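Each residue of the sequence shown is one higher than the one before, starting from 6 at the first, in my numbering.
Cβ atoms here follow ideal geometry from the backbone N, Cα and C, with glycine treated the same way.
Bear in mind the structure is a predicted one, so any value in this text is a computation, not a measurement.
Accompanying notes for the structure given below.
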Amino acid sequence: MPENESLSPRTKGSNPLRIALFGFGTVGSSAARILLESQPEGLKLTHVANRGVARKKADWVPSDVVWTEEFDAVLDSPDVDVVVELAGGLEPAGTWVRKALATGKSVVTANKKLIAYHGIELEKLAAAHGGHLLYGAAVAGGIPVIPGIEHGLAGDRFDRVEGILNGTCNFILSKMEQGAEYAPVLAEAQARGYAEANPSEDVDGFDARAKLSILMRLALKAEVNPEAIETRPITQVAAIDFGYAKDLNCTIRQIARAERVDGHLAATVGPMLVPLQSPLAWSKGTENMVMTTGHYGGEVVFSGHGAGGHPTAVAVVSDLVNLAHGSKRIEVASAPATITTELEVPHYIRFLVNDRPGIVARIATLLATEKINLNAILQKPNFPLDRLPFVITVEPCRTSALRRALAEIGKMECLLELPLDMQILEK
Ligand SMILES: NC(=O)c1ccc[n+]([C@@H]2O[C@H](COP(=O)([O-])OP(=O)(O)OC[C@H]3O[C@@H](n4cnc5c(N)ncnc54)[C@H](OP(=O)(O)O)[C@@H]3O)[C@@H](O)[C@H]2O)c1
C-alpha cells in the first residue's frame, strides 16, 4: 500500500466496519466468538459464509448475522467492508480474496499458503483498489511476529530471521526429547488433532517454509518462491539423536532459518541441533518461536501459541481492530532474491552401521578428501554391534563439500540406512 494512502472514510467514521467471515471452522468460529464477546469498537460481524452452512449455525451468534453459502453475493454486496478469509488453501480462497480486493473491500486472512505464493500480487491489488490486506495470523498464529517486524521493529534492519514455525513438529520433537520414538509420538499428535492423517506438510517442512518465505519478505526484503527453500524432513530423527545432542549440550528442533551471509541469502528448513542455552531450545509442545536479529537492536524473541482457534483468532481480530482504527501497513520495498544452499556451518552426522573394523577410519578419509575436519566421535555403549548408532560431528564446512563426502560415504556396505545429517546451530 502506498504509504501516504489513507484508509477508507468508513473506517474513520462512526459506522463500524461490517465484517463477513468466510469459513466457520476452528479459527473462523473463534474469531466470531471474540468479535461477539469482546465487541471491539468499530467492528460488526454481519455475515458468516460456509459451504453446507445449515450444519454450521451456532446458537450463540445473534440472529441479525446472516448465514450464507452464497460467497459471490457477499463479495458483491455493498453492505460488507471487510472479508475475513478463514477457509484456507489456495482455492477457492484465492478467488474470493482477489474479488474482494478488486471491489475495494479489505481482506484479513490467516492463510499462509495464499500469502506465501500470492501475497505480493494481492497486496498490489489491494493498493490499486483502495483496500487493505492484513495477514498477521499467517505466521506463528497468535504471536504478533508480523506486526512486530512491520511496526515494532520498523527502525531496524534485519540480518537474520529464524524460528520454530510449525507446532506439530515442535510437539513431536519436544516429546522425543523425553525419550519417545517418532512413530508413537506422531500417532499421539494425530490423536490430539495436532497432525493431519497425512502429516507431510508439517513433518517434511513445507508448512514452515511457506511461513519462512513470508518472514523473508517482511524482514529481509527478499521475495522468494517457497519451493526454492530447501527442506529436510524430521522423520529420520530418532530418540537416540536426542541422547547424542544432549552430550553436545544441544537439543533438536525443526528450525526455519534465513539470513544474509557475505552478500548471499541463505534459507533452509529442517531438524537442527540447537544449543540448550538458545531460546529456541526452550520452546516445548505446540509453541512457536521466532527470533529476529537486527543490525542495530540485536536479537528479539517472539514466543507463544503458534496455532489453535483462539490464539490465531486473536491475531485475526487484532488485524481487524487495526483496520478499524485506521492503522496503516508499512510498505515493504522487497525485491526478488535467489537463495544459496551453500553455507559454511558445523554438522552432526549420525550413522547406523553393522559394525566392523575400519568404518570410522574410512569415513574420516572420505571427509578428509573434501577437506572436512572431524570434531568429535560419539558412541554410546550397549547397542548391538550389528545395529550400532554412532555420531561424528564436523567443523564448519561447505554444504557442497559435505554432500559430496556423504554421497561417497553412503556407498559403504556397512551402512544400514543413509546417514542423518543435521546442521548444528552455533548460538
Ligand atoms: N487452526 C489453526 O491453528 C491455524 C493457525 C494458523 C493459521 N491457520 C489458518 O487459518 C485458516 C483456517 O484454518 P482452520 O484451522 O480454521 O480450518 P478449518 O477448521 O478446516 O476451517 C475451515 C472452514 O472453512 C470452510 N471451507 C473450507 N473450504 C471451503 C470451501 N471450498 N467452500 C466453503 N467453505 C469452505 C470449512 O467448511 P467445512 O466444515 O465444510 O470443511 C470450515 O468451516 C487456514 O488458512 C489455516 O492455515 C489456522
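Give a yes or no on whether the C-beta atoms belonging to Val58 and Glu74 are separated by under 7 Å. Sequence index remark: in the sequence shown, residue 58 carries index 53 (1-based). Sequence index remark: in the sequence shown, residue 74 carries index 69 (1-based). With a cutoff of 7 Å on beta-carbon distance, Val58 and Glu74 are scored as near each other.
Simplified DSSP state of Ile368, which is helix, strand or coil: Along the sequence shown, one-based indexing puts residue 368 at 363. Correct three-state label for Ile368: helix.
In chain order, what residues of the same chain lie with their CB nearer than 7 Å to the CB of Arg265, ignoring the 5 residues before and after it? As a position in the sequence shown, residue 265 is number 260, starting the count at 1. Take Arg265, set aside five residues on each side of it, and the residues of its chain with a beta-carbon closer than 7 Å to its own are Asp164, Leu225, in chain order.
Assumed close pair Ser288, Met296 - CB separation to whole angstroms, cut-off 8 Å: Taking the first residue of the sequence shown as position 1, residue 288 is located at position 283. Taking the first residue of the sequence shown as position 1, residue 296 is located at position 291. Going by Cβ atoms, the distance from Ser288 to Met296 rounds to 10 Å, so no, they are not a contact pair.
Name, in chain order, the residues that DSSP records as bridge partners for Phe395. Numbered from its first residue, the sequence shown carries residue 395 at position 390. Phe395 is bridged by DSSP to Phe356.
Name the two residues that bound the continuous beta strand (DSSP E) containing Ile257. One-based indexing of the sequence shown puts residue 257 at position 252. Run containing Ile257: 255 to 266, per the beta strand (DSSP E) assignment.
Contacting residues, own chain, Cβ-Cβ under 6 Å from Met427 (five flanking each side not counted): Residue numbering aside, residue 427 sits at position 422 when the sequence shown is read from its first letter. Hits under 6 Å: Pro276, Met277, Leu278, Tyr353.
Alpha carbon to alpha carbon, what distance is there between Gly172 and Leu139? In the sequence shown, counting from the first residue as 1, residue 139 sits at position 134. In the sequence shown, counting from the first residue as 1, residue 172 sits at position 167. Separation of Leu139 and Gly172 (C-alpha to C-alpha, rounded to the nearest whole angstrom) is 22 Å.
Endpoints, the alpha helix (DSSP H) within which Ile382 is located: Your numbering for residue 382 matches position 377 in the sequence shown. For Ile382, there is no enclosing alpha helix (DSSP H); the residue is part of the beta strand (DSSP E) that begins and ends at 379 to 383.
Would you say Pro97 touches ligand 1, meaning its beta carbon is less than 6 Å from a heavy atom? Taking the sequence shown and counting its residues from 1, the one referred to as residue 97 is at position 92. Indeed, a heavy atom of ligand 1 lies less than 6 Å from the Cβ.
Alpha carbons only, please: which of Gly363, Pro401, Glu347 is nearest the one belonging to Glu418? The count along the sequence shown starts at 1 and reaches residue 418 at position 413. Glu418 has its Cα closest to that of Gly363, out of Gly363, Pro401, Glu347.
Closest to Val242 by C-alpha separation, out of Gly299, Gly147, Val190, would be which residue? Translated into the one-based positions of the sequence shown, residue 242 becomes position 237. Considering only Gly299, Gly147, Val190, the residue with the shortest C-alpha distance to Val242 is Val190.
Helix, strand or coil for Gly275, going by three-state DSSP, please let me know. On the sequence shown, position 270 is the one that residue 275 refers to. DSSP places Gly275 in strand when its eight states are reduced to three.
Cβ-based neighbour list, Glu304, same chain, cut-off 8 Å, excluding 5 preceding and 5 following: The residue you call residue 304 lines up with position 299 of the sequence shown. Taken in chain order, the residues that qualify are Met296, Thr297, Thr298.
Pro21, DSSP secondary structure in three states: The residue labelled residue 21 in the question sits at position 16 within the sequence shown. DSSP, reduced to helix, strand and coil, places Pro21 outside both helices and strands of the structure shown, so it counts as coil.
According to DSSP, simplified to helix, strand and coil, what is Arg197? The residue you call residue 197 lines up with position 192 of the sequence shown. The three-state secondary structure of Arg197, taken from DSSP, is coil.
I believe Ala318 touches Val229 by the beta-carbon criterion, under 8 Å. Please report the beta-carbon distance rounded to the nearest angstrom. Working through the sequence shown from its first residue, we reach residue 318 at position 313. Working through the sequence shown from its first residue, we reach residue 229 at position 224. In this structure Ala318 is not in contact with Val229, their Cβ atoms being roughly 29 Å apart against a cut-off of 8 Å.
Does the distance between the C-beta of Thr298 and the nearest non-hydrogen atom of ligand 1 fall short of 6 Å? By one-based count along the sequence shown, residue 298 stands at place 293. No, the Cβ of Thr298 stays beyond 6 Å of every heavy atom of ligand 1.
3 or more residues per run - each beta strand (DSSP E) lying fully within the stretch 269 to 348: With a minimum length of 3 residues, the continuous beta strand (DSSP E) runs that stay inside the stretch 269 to 348 are 269 to 280, 292 to 299, 303 to 310.
Should the stretch 148 to 167 be regarded as contacting the stretch 364 to 373, the criterion being three or more beta carbon pairs within less than 8 Å? Contact fails between the stretch 148 to 167 and the stretch 364 to 373, because fewer than three Cβ pairs, one in each stretch, are under 8 Å apart.
Proximity winner among Pro67, Ala272, Val112, relative to Thr345 (alpha-carbon distances): Locating residue 345 in the sequence shown gives position 340, where the first residue counts as 1. Measuring from the Cα of Thr345, the nearest candidate turns out to be Ala272.
Under DSSP, the beta strand (DSSP E) around Asp64 begins and ends at which residues? Stepping through the sequence shown from its first residue, residue 64 is reached at position 59. Asp64 -> no beta strand (DSSP E), and no H or E assigned at all.
Pairwise C-alpha distance: Gly314 and Ser35: Position 30 of the sequence shown, counted from the start, is the residue given in the question as residue 35. Position 309 of the sequence shown, counted from the start, is the residue given in the question as residue 314. Note on geometry: alpha-carbon atoms of Ser35 and Gly314 lie some 5 Å from one another.
Residue interval of the alpha helix (DSSP H) (run including Lys251): Numbered from 1 along the sequence shown, position 246 holds the residue referred to as residue 251. If you look at Lys251, you'll find it in the alpha helix (DSSP H) that goes 244 to 252.
Around the Cβ of Lys180, are there at least 16 other Cβ atoms within 10 angstroms (buried) or fewer (exposed)? Within the sequence shown, the letter at position 175 stands for residue 180. Burial call: buried.
Apart from the five residues on each side of it in sequence, which residues of its chain come closer than 8 Å, Cβ to Cβ, to Glu10? On the sequence shown, position 5 is the one that residue 10 refers to. Its pLDDT being 41, under 50, Glu10 is placed unreliably in this model, and the value from its coordinates should be taken loosely. Cβ within range, chain order: Ala132, Gly135, Lys333.
Beta carbon of Arg214: closer than 6 Å to some heavy atom of ligand 1? Position 209 of the sequence shown, counted from the start, is the residue given in the question as residue 214. Taken from the Cβ of Arg214, every heavy atom of ligand 1 lies 6 Å or farther away.
Going by CA-CA distance only, name the one from Glu46, Val66, Thr291 that's closest to Ser323. Reading the sequence shown from its first residue, position 318 is the one you call residue 323. Among Glu46, Val66, Thr291, the Cα nearest to that of Ser323 belongs to Glu46.
Give me the Cα-Cα distance between Glu431 and Pro351, rounded to the nearest whole angstrom. Stepping through the sequence shown from its first residue, residue 431 is reached at position 426. Stepping through the sequence shown from its first residue, residue 351 is reached at position 346. The alpha-carbon atoms of Glu431 and Pro351 are separated by roughly 8 Å.
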